[in-house]
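This report concerns only the one structure given below.
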Amino acid sequence: MKVALVHDWLVTFGGAERVLEQILKLYPNADIFTLYDFLPDEDRGFLKNKKITTSFLQKFPFAKKKYRSYLPLAIEQFDLSEYDLIISNSYAVAKGVITGPDQLHIAYVQSPIRYAWDLMFQYLNEADMTAGPGSWLARMILHYIRIWDVRTAFGVDKFLG
1131 MKVALVHDWL
1141 VTFGGAERVL
1151 EQILKLYPNA
1161 DIFTLYDFLP
1171 DEDRGFLKNK
1181 KITTSFLQKF
1191 PFAKKKYRSY
1201 LPLAIEQFDL
1211 SEYDLIISNS
1221 YAVAKGVITG
1231 PDQLHIAYVQ
1241 SPIRYAWDLM
1251 FQYLNEADMT
1261 AGPGSWLARM
1271 ILHYIRIWDV
1281 RTAFGVDKFL
1291 G
């Protein structure tokens, strides 16, 4: 059985990465897909020098801080058609990866896309986007991200979390 692990992004070794570490213990031969990988060398031990496939965002400047509106598009670009089992470890968009009817997609969801749901106003305030055209554009994008988030739940076969 060919297994793909899909993780939102690798930047710090936090709670989601600890979950990924445990999943890797269960599926040590799984391939890893992530939007971008900037995990420091000192935190990479659990990855055991595995090849990690990143999205087009990896090459964008300031990928860690910008381009949140592109995350749904980026996660959908991974071609996982050769895998039997897809396990997504998601606190943002990983569960939105596209799978086929003959694949099993298990999603471990840490939380919803918090910047689009419960923390939206905090993010808008911190970005100084509380008024004006930029604010309305951001709110519209976040609205569509929420719709995308709900729609992609139907592509998951089993939820854990």
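For the sequence shown, our numbering assigns the number 1131 to the initial residue and increments by one for each residue that follows. All C-beta atoms in this analysis are idealised placements derived from N, C-alpha and C, irrespective of residue type, glycine included.
Can you tell which of the options has its C-alpha closest to the C-alpha of residue i?
i     : options                    : result
F1176 : F1143, Q1188, I1216        : F1143
R1185 : T1282, L1203, I1271        : The question names Arg, yet the displayed sequence has Ser at residue 1185. Ranking the options by Cα distance to S1185, first place goes to L1203.
S1220 : L1156, Y1238, F1208        : Y1238
P1170 : D1232, V1141, L1272, S1218 : V1141
Could you spell out where the beta strand (DSSP E) holding residue i opens and where it closes?
i     : result
T1260 : Unbroken run through T1260: none, as it is neither H nor E.
G1290 : It is worth fixing the name first, because residue 1290 is Leu in this sequence and not Gly. 1288-1290 is the span of the beta strand (DSSP E), which, as asked, contains L1290.
Give me the DSSP bridge partner(s) of residue i.
i     : result
T1184 : T1164
L1215 : V1133, L1234
S1220 : V1239
I believe residue i touches residue j by the beta-carbon criterion, under 8 angstroms. Please report the beta-carbon distance rounded to the nearest angstrom.
i     : j     : result
W1215 : L1234 : Correcting the residue identity first, residue 1215 is Leu in this sequence and not Trp. So it is a contact: roughly 5 angstroms between Cβ atoms.
D1138 : V1227 : Contact flag wrong, Cβ pair sits at about 10 angstroms.
For the alpha helix (DSSP H) containing residue i, list its first residue and its last residue.
i     : result
V1149 : 1145-1156
I1205 : 1201-1205
Does the beta carbon of residue i sit closer than 8 angstroms to a beta carbon anywhere in chain C?
i     : result
V1239 : The structure shown contains no chain C; it is built from a single protein chain.
Hey, is the segment 1159-1168 in contact with the segment 1238-1251, meaning 3+ C-beta pairs nearer than 8 angstroms?
Touching, no, given that fewer than three Cβ pairs across the two stretches are closer than 8 angstroms.
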